[in-house]
Amino acid sequence: MANRHRGEVEAVLGGRRFTLCLTLGALAELEAAFAADNLPALCARLAEGAPSTRDLIRILAAGIRGGGTALTDAEVAALPAAGELEACMRAAVALLAATFGGGEDAANP
520 MANRHRGEVE
530 AVLGGRRFTL
540 CLTLGALAEL
550 EAAFAADNLP
560 ALCARLAEGA
570 PSTRDLIRIL
580 AAGIRGGGTA
590 LTDAEVAALP
600 AAGELEACMR
610 AAVALLAATF
620 GGGEDAANP
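Structural data, given as structure tokens:
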């Protein structure tokens with residue numbers, strides 16, 4: 520079960536239930552993936568508001584790994600998307616809100 524006080528979000532993706540969390544390591548992964556030199560630059564990049572599918576995979580994969588499940592970006596990319604794109608987007612938004620602030624409701628989509 521996700522602990523919103525630790526920035527965790529629970530999501531069902533590809534028919535599997537995951538706990539997602541952006542740990543310091545996951546944030547460092549995202550800085551590297553988005554070529555951001557620091558955390559404010561990462562926040563600015565994520566706030567652009569037009570994520571690609573590749574961005575979505577990176578965010579979800581980092582969150583899944585931060586939540587304790589060892590999946591590669593390729594394994595996350597291979598999760599079935601049919602009928603699940605909205606759930607993927609909601610999970611990513613909730614994860615970012617739980618990490619960077621956005622109220623209690625944002626952590627529980």
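Per the numbering used here, residue 520 is the first one in the sequence shown, and the count goes up by one each step.
All residues carry an ideal CB built from backbone N, CA and C; glycine is no exception.
Assignment of beta-bridge partners to A530 by DSSP yields F537. Annotation for P559: the continuous alpha helix (DSSP H) segment containing it runs 558-565. In this chain, the alpha helix (DSSP H) harbouring M608 covers 604-619. A Cβ-Cβ contact shorter than 9 Å links A610 with L532. Beyond the five residues adjoining it in sequence on each side, L575 comes within less than 8 Å, by CB distance, of C607, M608, A611 in the same chain, given in chain order.
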